[in-house]
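Going down the list, the protein sequences come from chains G, A and E.
Read in the working numbering, the first sequence has 410 at position 401, and its numbers run on one by one without any break.
Read in the working numbering, the second sequence has 181 at position 112, and its numbers run on one by one without any break.
Read in the working numbering, the third sequence has 122 at position 132, and its numbers run on one by one without any break.
For glycine and all other residues, C-beta sits at the position ideal for the given N, C-alpha and C.
In what follows, a single structure is set out as C-alpha cells and then discussed.
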Amino acid sequence: MADDLLLDIKGLVIEATAYPPGEPPKEVTLVHGVDLQLQRGRVLGLIGESGAGKSTIGLSAMAYGRGGVRLTGGTIRLNGREIRTAGPQALRALRGKEVTYVSQSAAASFNPAKRLMEQVIETSLSHGIMGKAEAEARARALFRKLGLPNPDTFGERYPHQVSGGQLQRAMTAMALCPKPDLVIFDEPTTALDVTTQIDVLAAIKEAIRDTQVAALYITHDLAVVAQVADDIMVLRHGRMVELGTTDQIINAPREDYTRALVSVRSLEHAEKTPAPPVLQVANVTARYRGTNFDVLKNVSIDLPAGQTLAVVGESGSGKSTLARAITGLLPPTSGRITFAGRVLSNDVKGRSKDDLREIQMIYQMADTAMNPRQTVGTIIGRPLEFYFGLKGAERDRRVQELLDQIEMGKGFAQRYPAELSGGQKQRVCIARALAAKPKLIICDEVTSALDPLVADGILKLLLNLQAESHVAYLFITHDLATVRAISDKIAVMFKGAVVRYGQKSDVLAPPYDDYTDLLLSSVPEMELGWLERVIEHRRMASAGN
Amino acid sequence: MHPILKLLVQRIALGLLLLFAVSAVIFLGVEALPGNTAQAILGQSATPQAVANLEAKLGLDQPPLTRYFSWLGGILTGDLGKALTNGADIAQSIGQRLGNTLFLAGCAAAIAVPLAIILGLVAARYAGKWPDKVISGITLSTISLPEFVAAYFVIYLLTQLFPIFQPVAMVFPGMGFWAKLHAVALPVIVLVLVVLAHMMRMTRAAILNVMQSAYVETAELKGLSPMTIIWRHAFPNAIAPVVAVVMLNLAYLVVGVVVVEVVFGYNALGQYLVDHVTKRDLPVVQAVGLIFAAVYIFLNMAADIIGILANPRLRHPK
Amino acid sequence: MRIPFSALVGMVLTGGFLFIAVFAHFIAPYPIDAPVGGVWESPSASFWLGTDTIGRDILSRLIYGAQITIFVALASSVLAFSLGSFLGFLAAVKGGWVDQLLSRAVDLVMAIPALIVALVLLSVLPLNLTVLILVMGVLDSTRVFRLSRAVAADIAVMDYVEAAKLRGEKGNWVIFREILPNALSPLVAEFGLRFIFAVLFISTLSFLGLGVQPPLADWGGMVKENKDGLIYGKSAALLPAGAIAALAISVNLVADWILTRTSSLKGGRGG
C-alpha cells in the first residue's frame, strides 16, 4: 500500500502578504495545517467556496505558490521525495514530468505566438521523456481521445484559432502528453457554457480513466466533482471540513457545512396560477447600432404581476440584451413593450419618471453596480429622495426600514461598499431597487457571481420580498437550478430567439425541443453516474436519428 | 485581401492623411493667427504702402488656400521656397543640415536602444530587488531633467572637471567619419541620457507585463529553465511592445535633438529652426516644422506597423 | 498611513519652492534686474551665490526666477487641466460626434511634438507671458484630455452609472456625483506630472530665447544668460539648471507616490 502512495501532504501551512487599501501590508495565513494523501491512479476532488484555499493547496503539489504565496510549513512528499523545501533545479525536473497542470483559463495559458502542437509536446522533449515523432503521435492520439476536431491537423493551429472548449481539451492533452503521475485540474470547466462543460467533463473523465493517471480535481461545484472524483475533500477557510468517498459525501455527509453544500440547489417554489400581465413584450426585434445582425429576433413574452419569469440561455443567447431592450437602453427596431397597461417609449429618454421608477434593475456584479465613493445610506437613500422627495430623518428612517427588510442590521448605512461581503453588496442592490417601490425588478444573473450558499440566501430573500410586496421579477440566468427555485414562467432563449416559453411545469416537462433537451440534460446533478447516463442518452438519441 | 494587408494599408493611409492635415495646420492655422509677415520683416515703422508692396512681391496678397496648395505642390517637387530674411533657397539650406541632424540622432539611437533594452531586461529580471531599484532610481531622476539642463551638467563635468571634450560640436563638410564622431560625442552622451530613461522604463514595463501573463506561469509549471521561458515564451510576445517603445522614444529623440543642437552650436536642422523662429522667418519655420512632424509621424506609424506584423492573431487569422 | 521617505523629501522640497515663490519680494536680498557687483563674482558674504554675466546677484534672480517659473508653469498646467478634463469628460459622457470631433482634433495636435508646434506658433505670435501660458496650456491640455476621457469612459460604462441613468438622473448628477468622485485620484497624480512638464517646457522655451523675455527672468532664461561662462570655468549657469532639476524631481517624487497609492487602492497589487 505504501508504494501506491503518490502524494503525501502533512500539516501544510501556506501564507501570503496582503495589501489592504490604505493600510500597511500584513501577513495572512491561507491554509492552516492541511493533510492530504493521494494514491496512484485515484482522483481526489477538492471542493470549497472562494477563499477555501483549494487552488492554493492544489498548486502546492507542484511546490508552487502563485502571486507571492509562500508554502511555509509542513511536508509535501511526491513519489516519496520531500518537495516543499526542494531547490529550483529539483522542482524543474519534476514539474511537467511527474506533475502537470490544467488551468481554468486555457485561453490565457497558451502562448499566443506558438502553435498548439509545439506547446503540447514541449515538456515531453525538454524533459527527455520521448522523441519528437513519438510525442507528436501521442499528442494526436490524445487529441482524438479528447474529441477534438481533425485531430491529425489540430496541432497546426494557433491558440486564438480554436474555441474555448477546444482549448480546455488541448490543455488537458498538454498535461497528459508527458505521461505524468499526477495532473492538477484547477476548475477546468468553470469558464465554459453548460452545454460545452458536459462534453469537456466527459472527455477529461475518459482521458483520466484511460491513462490511469492520478488527479487532483479542484472546483466549487460539488455536482461536477461528483462525476469525476473517487474521493472528495471539503475545504473551508483554509481548513479541511470533511473527507470521504464521493458516494459518502453526496449521499451521507457528516458535517453541517457539507450537508448545506449538498442541499444547496434543492430550493423549490410552487408555481403560481396564470394571471393578467404587468409586462408584455410583443414581437421585439433589436440590433446594436452600426451592425446588421439582429440580437433579438421577434421576442414575445408576458409577465404576470407579482410573479417571476425566468429567461434562460447560454452566453450569446440574447437574454441580457432582452433586459436592455425592456429598460430602453437598447431601443428595439420593431415591436412593442407594454407595462402596467401603458405602452412604453422604446428609448429610455422618452420615459416618464413613473415608468423609470416602476421598473428597477439588479445587476450580476454588485461590485460595479454601486458607486464605491457613496455610503450604503446614500445608495439606498437616493431613489427615496429622487422619486419621493424624502429628506433628512424621514429618509434615514426609511433607509433603515429597507436595511431591515434585506435582513441587514443597524450601522450599515454609514459603510462603504468595499466594507461589505459579496452577499451583503447584492442585498444592498436589492434594497436600492425596492426603495423605488417598483412593480417589476429585472434581475440580471444576480446570483451567478456568488458562492452557492450565499446565492441560496439571496434567492430566499427575493422570494420573501415578492410575497410581501407583490413585485414581479424578470429573472435572467444561465443556471437551471436557480430557475427551478424561483420561477413561475420560463422563456428559453437561443441565438436571440425564444425557443420555448410557458408555465414552469410545462417548460420543464417533456416532450422537449432539441435545444431545451440539450440544455436541461447538461446541468450537472448531484448524483453518482449522472454524467455516464447523459452521455449514453445522447449516444442513443443520435443513433436513433 | 489578407486582413493584415488591409490593416497595413489602412494604417499607412492614416499616416498620410495625418501628414496632410498637419501640413494644413502648419500653413493655414498659422496664417489665421494675429501677426503680419510683411510687417514683421519691415518693422513697426514701415508705411502701409511699403507693406503692401512687399506682400505683393511675396505673393501674400493671394487667398490663403491658393498659397497653401502652391506651397504643398512646391514641397512635393522639392521646392521649399525662399527664406524671408536672406532670400536663400530653403531646400538647399536644409540638405546638409538634415544630414547632420540624422547623424547626431542616429549615433544617439545606436547607443541608447541596445543599452535601454539591456538595462530594461536586467531591471525586469530583478524586479523589486536592488539592481532594479538602482536603475529605476537613477532613471527617475534623469526623466525630470530637461535636455539643456542635462547638457550643461555634462558639459561642466566633461569639459571643466574632467577636460576630455570640447564644449562645442563643430562639424563641416569633408570632415572624416572618426573626427565627426569625436566632435559629436558630447551631444550624443546628452541625448542618450535623456532618451535612455524613458526607453528603459517602458521596456521594463513591457517585459514585466509579459512575464506576469498566464502563459509564462504555464511555462514555469512545465518545469522549463528560466532561459527557455524567456527565450521561447516571453521574448516572441515582448518583441512588439518593446519595438513600439523604441520607436516612440526615437520620436522623442527628434525633439530632444532641437535643444541639444542649440546648446552645442551644432549646425543642423534644429539650430536652423530655432534661429528662424527668433527671426520670425515663417517659410523656413513651416518647412522645417513639417520635416520634424513628418519624421515623428513616420516613426509612430512604424511602431504601429511592427505591432500589427508581430501580432499572431493578425498573422494567422481564423 | 505611512508616507515613504522619498515622498516626504519631495513634499518638503516642493513646499519650500512654493514658499520662496510666494514670498520672493521679502526674501530676495537684491532687486531682480540691477547690476550690484562685478561680472561673475565668486560667492561671497554679500553675494552668497556670486554674480552673473552683468553683475546681478544670482541668489536674488534665482528667487525671483522661482516665482516666474512656478507661476507660468502653474498657470499653464491649471489651464491645461481645466480645459483638458472638461472636454475629456464631455467627450466620454456625450459620445457620438462630440467625442469624434474632439478626439480627432486632439489626435492631430498630438501627431506633432509639442515643442515643434510651440516653435511654429511662437514664430508668429507676440512673445509675452499670456501668450506663453495660453500656448503651453492648450498644447498640454491634449494629454489631460486623453487621460480624463479614458478614465471617465471606464467609469461611464460601470453599472452604477447605468443605474443612475435608468433612475432618470440628469447629466449633472451623473458627472459630478457618480463619475467625478471616482476619477479624482488618477487625475490628481496626473496634475503633478503636467506641472513638471510645464516647468520643463517653459524652461526650455526660455532657454531657446522664446519664453520669458528680459528684464523678467526665469530659470531657463538664466541658464541661457550665463551659459557662456561655463567655458571659462564659471559655473553660474549650473545653479538655475540645478534649481529646475530639483523642482522637477521633488514634484516627481510626490506624484509617483500618489500614483502608486491610487493604483493600490484599485487593488492593483498582490493580485
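query, result
"Chain-order list of residues whose beta-carbon lies under 8 Å from that of R166 of chain G (same chain, five-residue window excluded)", "R124, L125"
"Three-state secondary structure assigned by DSSP to S324 of chain G", "coil"
"Secondary structure, alpha helix (DSSP H): runs of 4+ residues fully inside the stretch 319 to 384 of chain A", "338 to 347, 351 to 379, 381 to 384"
"CB contact check: T208 of chain A to chain E, cutoff 8 Å", "no"
"Where the alpha helix (DSSP H) containing F135 of chain E begins and where it ends", "119 to 146"
"Secondary structure, alpha helix (DSSP H): runs of 4+ residues fully inside the stretch 219 to 272 of chain G", "231 to 237, 255 to 260, 265 to 271"
"The stretch 178 to 207 of chain E: positions lying closer than 7 Å to chain A by Cβ", "I186, L190, S193, T194, F197, L198, G199, L200"
"D158 of chain A: first and last residue of the uninterrupted beta strand (DSSP E) it sits in", "Taken as a continuous stretch (DSSP letters only), D158 of chain A belongs to no beta strand (DSSP E), as it is neither H nor E."
"Inter-residue Cα distance where the pair is A283 of chain A and V78 of chain G", "16 Å"
"Beta-carbon proximity check, D208 of chain G vs K154 of chain G, cutoff 8 Å", "no"
"DSSP bridge partner residues for C186 of chain G (one or two, in chain order)", "BP columns for C186 of chain G are empty, so no partner."
"Exposed unless 16 or more other CB atoms sit within 10 angstroms - verdict on L350 of chain G", "The question names Leu, but residue 350 of chain G in the sequence shown is Gly. Result: exposed."
"I207 of chain A in three-state terms, based on DSSP", "helix"
"Given 8 Å, three or more beta-carbon pairs between the stretch 215 to 228 of chain E and the stretch 181 to 198 of chain A", "no"
"Which of helix, strand or coil DSSP assigns to A283 of chain A", "helix"
"Within-8 Å CB hit, L265 of chain A to chain E", "no"
"With 16 other Cβ atoms within 10 Å as the buried cut-off, status of E536 of chain G", "exposed"
"Classification of F166 of chain E by the beta-carbon crowding that lies within 10 angstroms, buried from 16 upward", "exposed"
"Through-space distance from M370 of chain G to T330 of chain G, alpha-carbon basis", "13 Å"
"Per-residue DSSP class, three states only, for Q131 of chain A", "coil"
"Contacting residues, own chain, Cβ-Cβ under 6 Å from Y482 of chain G (five flanking each side not counted)", "T317, I450, C452"
"CB contact flag (T199 of chain G, Q257 of chain G, <8 Å)", "no"
"Interfacial residues, the stretch 106 to 127 of chain G to chain A, with Cβ spacing under 8 Å", "K106, T109, Y110, S112, S114, A117, S118, F119, N120, P121, A122, K123"
"C-beta neighbour in chain G for K155 of chain E, strict 8 Å", "yes"
"Nearest to S36 of chain E (by Cα), restricted to the options E:V26, E:T43, E:I44", "E:V26"
"Short-range partners of chain E found in the stretch 360 to 374 of chain G, where Cβ spacing is below 7 Å", "K362, L365, M370, Y372, M374"
"CB contact below 8 Å: V279 of chain A versus chain E", "no"
"Close-in-space but distant-in-sequence residues of the same chain around L195 of chain E (CB under 6 Å, 5 per side omitted)", "G201"
"Rounded separation between A150 of chain G and H546 of chain G - CA only", "26 Å"
"Within 8 Å, strictly: CB atoms of T384 of chain G and R424 of chain G", "yes"
"Listed by chain order, chain D residues near V357 of chain G by CB distance under 9 Å", "Among the chains of the structure shown, chain D does not appear; the protein chains present are G, A and E."
"Beta carbon proximity, P215 of chain A to chain E, threshold 8 Å", "yes"
"Min CB distance E31 of chain E to chain G below 8 Å", "no"
"Where V304 of chain G sits in the DSSP three-state scheme", "coil"
"Contained alpha helix (DSSP H) runs [length at least 4] in the stretch 419 to 457 of chain G, N- to C-terminal order", "431 to 444"
"Opening and closing residue of the alpha helix (DSSP H) in which F222 of chain A lies", "216 to 224"
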